[in-house]
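Notes follow once the structure below has been shown.
2 protein chains.
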Amino acid sequence: MSEGVEWGLHCCVTLAWLGDEEPVPAARLAERFQLPPAYLNKCLQALGRAGILTSTPGARGGFRLARAPERITLLDLVTAIEGPEEAFRCTEIRQRCAEANPASREFLRPCAIAAAMHKAELAWRKELAAQTLADLSAAAPRSARDAALRWFGRGEND
Amino acid sequence: MSEGVEWGLHCCVTLAWLGDEEPVPAARLAERFQLPPAYLNKCLQALGRAGILTSTPGARGGFRLARAPERITLLDLVTAIEGPEEAFRCTEIRQRCAEANPASREFLRPCAIAAAMHKAELAWRKELAAQTLADLSAAAPRSARDAALRWFGRGEND
DNA sequence: GCGATGATACTCGGATATATAATGTCCGAGTATAAGAGG
DNA sequence: CCTCTTATACTCGGACATTATATATCCGAGTATCATCGC
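Chains as they are written, first to last, in this note's numbering: chain A, 1 to 158; chain S, 1 to 158.
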């Protein structure tokens, strides 16, 4: 799995803490976590295309959450970075057998192996879909949230 | 996920059908599924190192299941090919924050994000561990099993 | 005819290339800001 | 003092390198088979 998933998760949790009053530049998030700024920007762009973040260009621009943290699941985030296709992709090698006839009726049913892997993937996605950004924000220790608010210069004046 | 997982699964199901009376060369399995012989051999080697297959060198050699299909889970197979580490690997970027002190007590608890991803991975592994090669063998249509037996020259004399 | 011996073909096993995807970097398009001139 | 204009700094967005991983290939080590030779 790409590192972008971890980066995106941490950034989104941070954005959830900061609130969406004003956007946060990718460069600033990168500085926070000591990450390469340009590549983090690329990952956040993917989240933007997926409708998880909204981006505003120009000065005082940046990224903010597109909707409430309660309505953003981990599955949304992972799918945005990793793509919608499943980890196990069946290439139908059962049909490559010499005597196999692709028109045969047995191939109308899905491959038993692919079905088994698909079942496991569904369980995985179900767990991811059951947890939201709000859950993660709440699970983290308060000290981490406070430190983030301080570092980004919020929370003192608010 | 590597293609080797799909190949290994199909090969192991086939081996389960054929029984472990005499080993099957990797080249023959590759021919069956139109796969590159040398690379399939490499994948089967990984299964051998994991204790799923036993290999016998020399003439009339090849691979056979190391234990009964009921005692080989999909998780065993996937782990053998993909490795034991989880898909999501936490790099502890929460500790890279400037003000973070690695000795701080909050870092004794696991990262909430890593914990969430870990939970999903456990659900995935649980599903994989619940299904055995025997289940897959039984789930496939009888015609596929019969065709395999014919193609490998077994079942007529037995 | 039977056993020992050597040559041979076959198979795994790991070391070595190539292709693909992940990671990392760079520069242009566009916007809000701020300064400055004019009224 | 207020408004319009202009220059500027900032940020995203996608195009372009670089590195790591997966895929594919090749050749050597070792074993069972078979033929051959000797008894």
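All residues carry an ideal CB built from backbone N, CA and C; glycine is no exception.
Nothing here was measured: the structure is a model prediction, and the numbers come from that model.
query = Helix, strand or coil: how does DSSP classify residue 14 of chain A here?
reply = Taking the first sequence and counting its residues from 1, the one referred to as residue 14 of chain A is at position 14. Residue state, collapsed to three classes: helix.
task = Answer yes or no: does any C-beta atom of chain A fall closer than 7 Å to that of residue 143 of chain S?
result = By 1-based counting over the second sequence, the position of residue 143 of chain S is 143. Residue 143 of chain S counts as touching chain A.
key: Cβ of residue 124 of chain A within 7 Å of any chain S Cβ   = Position 124 of the first sequence holds residue 124 of chain A. For residue 124 of chain A, the nearest CB of chain S lies under 7 Å from its own CB, placing it at the interface with that chain.
ask   = Is it true that the CB of residue 70 of chain A sits closer than 7 Å to the CB of residue 132 of chain A?
value = Numbered from 1 along the first sequence, position 132 holds the residue referred to as residue 132 of chain A. Numbered from 1 along the first sequence, position 70 holds the residue referred to as residue 70 of chain A. Contact flag set, yes.
Residues of the region 5-30 of chain A whose Cβ lies closer than 8 Å to any Cβ of chain S, in chain order = Listed in chain order, the positions of the region 5-30 of chain A with a beta carbon within less than 8 Å of a beta carbon of chain S are 5, 6, 7, 9, 10 and 13.
task = Evaluate residue 148 of chain A with the Cβ neighbour count: other Cβ atoms within 10 Å of its Cβ, from every protein chain shown; 16 or more gives buried, anything less gives exposed.
result = Locating residue 148 of chain A in the first sequence gives position 148, counting from the first residue. Only buried fits residue 148 of chain A, as 16 or more other CB atoms lie within 10 angstroms of its CB.
inquiry  = Just verifying my parser: in three-state terms, what is the DSSP assignment at residue 55 of chain A?
reply    = Within the first sequence, the letter at position 55 stands for residue 55 of chain A. In this structure, residue 55 of chain A counts as strand in the three-state DSSP scheme.
request  = Quick one: grab the DSSP three-state call for residue 71 of chain S.
outcome  = For the purposes of this step, residue 71 of chain S is taken as residue 71 along the second sequence, with counting starting at 1. Looking at residue 71 of chain S - three-state DSSP - the assignment turns out to be helix.
query = In the region 93-104 of chain S, which residues sit with their C-beta less than 9 Å from some C-beta in chain A, listed in chain order?
reply = 93, 94, 96, 97, 98, 99, 100 and 104
Per-residue DSSP class, three states only, for residue 91 of chain A = In the first sequence, the residue the question calls residue 91 of chain A occupies position 91. Coil at residue 91 of chain A, not helix or strand.
query = When burial is assigned at 16 or more other CB atoms within 10 Å of the CB, is residue 47 of chain S buried or exposed?
reply = Working through the second sequence from its first residue, we reach residue 47 of chain S at position 47. So residue 47 of chain S ends up on the buried side.
query = Would residue 34 of chain A pass as a contact of residue 89 of chain S if the rule is Cβ separation under 7 Å?
reply = As a first step, residue 34 of chain A is located in the first sequence; it is residue number 34 there, counting from the start. As a first step, residue 89 of chain S is located in the second sequence; it is residue number 89 there, counting from the start. No. Outside cutoff.
ask   = With a cut-off of 7 Å, does the C-beta of residue 42 of chain A fall near any C-beta of chain S?
value = Indexing the first sequence from 1 puts residue 42 of chain A at position 42. By this cut-off, residue 42 of chain A is not an interface position.
ask   = What residue from S/85, S/107, S/150 and S/73 has the CA that sits closest to residue 1 of chain S's CA?
value = Indexing the second sequence from 1 puts residue 1 of chain S at position 1. Of the candidates S/85, S/107, S/150 and S/73, the one whose C-alpha sits nearest the C-alpha of residue 1 of chain S is S/85.
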